Amino acid sequence: MARIDLIETVGQWVAQAKRIIVFTGAGVSTESGIPDFRSPGGLWERYDPREFTFDRFVSSEKARTLYWKMHTELFELLAGVRPNRAHQACAELDYLEKLECVITQNVDNLHQRAGLPAEKVIEIHGNALQVGCLDCDARHSRAEVQEWLDAGEHAPVCRRCGGLLKPATISFGQAMPVDKMQEAEVRMRRCDLFIAIGSSLVVHPAALMPVYAKHAGARLVIINLTETPYDDQADLVIPGKAAEVMGQILDRAKAWLVN
Ligand code: NAD
Ligand code: ZN
């Protein structure tokens with residue numbers, strides 16, 4: 062199928078759908094200027110999050126110091142970027158009352174910044190703009206913690222109980238948030254169209270998502286720059302850039318809706 066026909070078909074499916082789930086990975090934010098793990102020259106070339114396991118974070122002050130250094134860079138990076146057309150498209154789907162929810166692996170908060178209500182975003186890897194205490198669960202403002210870091214603290218502790226503070230993102234070796242995974246599963250059973258964007262779909266639990274969607278009876282659409290292991294199970298695959306492709310799909314969906 063020619064590309065223009067792929068876009069037209071998915072545009073029509075969006076117009077017909079009532080409960081769309083959009084599943085997003087790092088690739089949805091690369092056009093905003095946040096590199097994925099494979100992009101050269103990015104933050105992840107200097108820091109490998111796979112080295113920052115949860116066990117190391119809790120057992121070593123040195124590891125915590127380095128972790129907060131990486132998150133200081135990430136915090137600065139996030140302050141300077143904006144949502145792109147793909148994030149906006151998700152917010153538009155909600156405005157059109159088509160969106161069940163977005164399930165994202167991203168921690169960059171860009172879906173919310175594009176105007177999607179927080180309750181419509183299930184962040185299975187957490188959010189880098191929130192900080193939690195590992196002992197008492199108190200939440201701290203990321204900006205406030207940054208002030209403490211800028212003032213010379215290397216590994217800030219909870220002002221309420223003295224426990225370790227950690228950005229509210231899921232580290233390697235840290236348990237996935239059970240409540241969020243359950244919510245994602247429940248919502249997945251209700252969806253009629255599942256669009257995976259910018260995710261390699263290789264790592265658990267991302268790799269489970271297309272399977273859930275298929276079992277739920279949903280149509281499966283994959284939009285990604287590179288191939289994924291689920292391409293042959295998808296109803297349609299659009300190789301390409303998230304922002305560009307989603308912008309075109311939304312334009313066609315809206316055209317179908319007014320006709
Ligand atoms: P990933 O495995 O989901 O890979 C990203 C995929 O996006 C790749 O297959 C790549 O080909 C594709 N891609 C890149 N740019 C694209 C574009 N413009 N349009 C469409 N597809 C594009 O993710 P990863 O990079 O291995 O990161 C793993 C985890 O690390 C993420 O799940 C996330 O939790 C975290 N992470 C988050 C962010 C963020 O919050 N923005 C960024 C990097 C990593
Ligand atoms: Zn505490």
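Be aware that the sequence shown starts at 62, since it is given in our numbering, and climbs by one per residue. Quick reminder that beta carbons are idealized off the backbone N, C-alpha and C, glycines included. None of these values were measured; they are calculated from a predicted model.
How would you label residue i, buried or exposed, when you count the other beta carbons within 10 angstroms and need 16 or more for buried?
{"i": "glycine 223", "result": "exposed"}
{"i": "cysteine 197", "result": "exposed"}
{"i": "asparagine 170", "result": "buried"}
{"i": "leucine 278", "result": "Residue identity differs from the one stated: residue 278 is glycine in this sequence, not leucine. The residue is exposed, with fewer than 16 neighbouring Cβ atoms inside 10 Å."}
{"i": "phenylalanine 98", "result": "exposed"}
{"i": "tryptophan 234", "result": "It is worth fixing the name first, because residue 234 is glycine in this sequence and not tryptophan. Exposed, since its Cβ has fewer than 16 Cβ neighbours within 10 Å."}
{"i": "leucine 86", "result": "For the record, residue 86 in the displayed sequence is glycine; it is not leucine. It is buried - the Cβ of glycine 86 has at least 16 other Cβ atoms within 10 Å."}
{"i": "glutamine 243", "result": "exposed"}
{"i": "glutamate 161", "result": "buried"}
What are the start and end residues of the beta strand (DSSP E) that includes residue i?
{"i": "valine 83", "result": "81 to 85"}
{"i": "serine 202", "result": "200 to 202"}
{"i": "proline 300", "result": "297 to 300"}
Based on the DSSP secondary-structure assignment, which residues constitute the bridge partners of residue i?
{"i": "leucine 281", "result": "Phe255"}
{"i": "lysine 227", "result": "Gly193"}
{"i": "valine 163", "result": "Val83, Val182"}
{"i": "asparagine 320", "result": "Answer is none; asparagine 320 lacks a bridge partner."}
{"i": "glycine 94", "result": "Bridge partners of glycine 94: none, in fact."}
{"i": "valine 239", "result": "Bridge partners of valine 239: none, in fact."}
{"i": "glycine 187", "result": "Thr230"}
{"i": "valine 218", "result": "Leu225"}
What residue does the alpha helix (DSSP H) around residue i start on, and which one ends it?
{"i": "valine 75", "result": "64 to 77"}
{"i": "valine 168", "result": "Looking at the DSSP string, valine 168 is not in any alpha helix (DSSP H), and its letter there is neither H nor E."}
{"i": "leucine 157", "result": "Per DSSP, leucine 157 belongs to no alpha helix (DSSP H) and is neither H nor E."}
{"i": "leucine 104", "result": "104 to 107"}
{"i": "histidine 276", "result": "270 to 276"}
{"i": "aspartate 116", "result": "115 to 120"}
Cβ-heavy atom distance between residue i and ligand 1 below 7 Å?
{"i": "threonine 287", "result": "yes"}
{"i": "glutamine 166", "result": "yes"}
{"i": "phenylalanine 255", "result": "no"}
{"i": "aspartate 97", "result": "yes"}
{"i": "serine 90", "result": "yes"}
{"i": "glycine 86", "result": "yes"}
{"i": "aspartate 211", "result": "no"}
{"i": "aspartate 312", "result": "no"}
{"i": "isoleucine 284", "result": "yes"}
{"i": "lysine 302", "result": "yes"}
{"i": "serine 121", "result": "no"}
Contact check, residue i vs residue j under 8 Å by CB: the rounded distance?
{"i": "leucine 254", "j": "valine 75", "result": "7 Å"}
{"i": "cysteine 219", "j": "alanine 199", "result": "6 Å"}
{"i": "glutamate 92", "j": "alanine 304", "result": "4 Å"}
{"i": "leucine 135", "j": "alanine 212", "result": "Actually they are not in contact, since the Cβ atoms of leucine 135 and alanine 212 sit about 19 Å apart, beyond 8 Å."}
{"i": "aspartate 296", "j": "valine 282", "result": "6 Å"}
Self-check item: Around ligand 4, Cβ to any heavy atom closer than 6 Å, ordered along the chain
Solution: Absence of ligand 4 is noted for the structure shown, with ligand 1 and ligand 2 being the only ligands found.
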